[in-house]
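*Asks:* Numbering (our numbering), first residue to last: 196 to 387.
Glycine included, C-beta positions come from ideal geometry on N, C-alpha and C.
In this text the structure is predicted, and so the values were computed from the model without any measurement.
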């Protein structure tokens with residue numbers, strides 16, 4: 196969710212098991228609705244997770260500290276962070292070695308903010324991951340992968356081709372620009 200949640204109780208009524216709340220924009224700023232959305236969804240039965248669109252224009256520790264201090268800390272809760280990896284020129288270098296160094300430092304910086312974050316996972320597609328990091332970058336293969344699909348409108352894992360060391364995804368993002376309880380969002384599912 197990247198816009199203000201209109202009715203968090205509706206999320207429970209719709210059977211929503213979790214929400215991903217955008218915490219950081221690739222422009223280098225905190226999403227202005229992130230803390231409000233975390234507060235608005237606090238009572239929901241499902242879990243809440245943050246996702247970030249990183250940018251190399253900021254140091255990894257600055258991203259982690261800012262996200263913790265400005266979004267999470269006063270809530271006295273810990274969240275899983277999902278790093279969204281998309282091949283956007285605004286976010287990444289042309290040099291995959293620099294991108295690898297950056298994402299490893301960002302992962303470490305987020306984990307060091309242990310008062311705010313429980314763990315780090317990823318949302319990506321093969322084409323984006325390989326373009327940003329190269330096809331042989333498998334450092335995070337034990338982390339959760341939510342596979343971003345733009346070609347389906349339902350929870351479908353067929354057609355997955357391994358990348359980043361992940362033999363299978365743990366979940367699938369689909370239904371881009373869906374409307375759930377009056378909120379514009381992407382829908383996703385966990386795979387068992």
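#1: Below 8 angstroms, can you find three or more Cβ-Cβ pairs linking the stretch 297 to 307 to the stretch 235 to 244?
#2: Out of curiosity, what's the CA-to-CA distance linking residue 337 and residue 203?
#3: Between residue 266 and residue 310, which are expected to be in contact by the criterion C-beta below 8 angstroms, what is the C-beta distance as a whole number of angstroms?
#4: Do residue 285 and residue 221 have their C-beta atoms within less than 8 angstroms of each other?
#5: So, under 8 angstroms CB-CB, residue 340 and residue 365 are touching, yes? Tell me the CB distance rounded to an integer number of Å.
#6: Specify the secondary structure class of residue 338 as computed by DSSP and reduced to three states.
#7: Have a look at residue 317 and residue 253 and give me their C-alpha separation to the nearest angstrom.
#8: Got a sec: is the Cβ-Cβ distance from residue 306 to anything in chain C below 8 angstroms?
#9: Helix, strand or coil for residue 332? Go by DSSP, reduced to three states.
#10: Assuming the contact rule is C-beta atoms closer than 8 angstroms, residue 274 and residue 307 should be a hit. Round their C-beta distance to whole Å, please.
#11: Which of the three DSSP states, helix, strand or coil, is assigned to residue 204?
#12: Taking DSSP's pairing of strands, which residues face residue 378 in a bridge?
#13: In angstroms, rounded to a whole number, what distance separates the CA positions of residue 225 and residue 303?
#14: Quick one: Cα of residue 344 to Cα of residue 278, how far?
#15: Tell me the rounded alpha-carbon separation between residue 208 and residue 216.
#16: Please state whether DSSP places residue 166 in a helix, a strand or coil.
#17: For residue 278, which three-state DSSP category applies?
#18: Would you identify the three-state DSSP class for residue 343, choosing helix, strand or coil?
#19: Less than 6 angstroms between C-beta atoms, sequence neighbours within five positions excluded: which residues of the same chain meet that for residue 241?
*Replies:* With the given structure in hand:
#1: no
#2: 32 angstroms
#3: With 8 angstroms as the limit, residue 266 and residue 310 do not qualify as a contact, their Cβ atoms being about 13 angstroms apart.
#4: Yes, they are a contact pair.
#5: 6 angstroms
#6: coil
#7: 19 angstroms
#8: The structure shown contains no chain C; it is built from a single protein chain.
#9: Here residue 332 sits in coil by DSSP.
#10: With 8 angstroms as the limit, residue 274 and residue 307 do not qualify as a contact, their Cβ atoms being about 15 angstroms apart.
#11: helix
#12: 375
#13: 19 angstroms
#14: 16 angstroms
#15: 19 angstroms
#16: The requested residue 166 is not part of the displayed model; the chain covers only 196 to 387.
#17: Strand at residue 278.
#18: strand
#19: Closer than 6 angstroms at the Cβ level, and outside the excluded window around residue 241, lie 211, 212 and 213.
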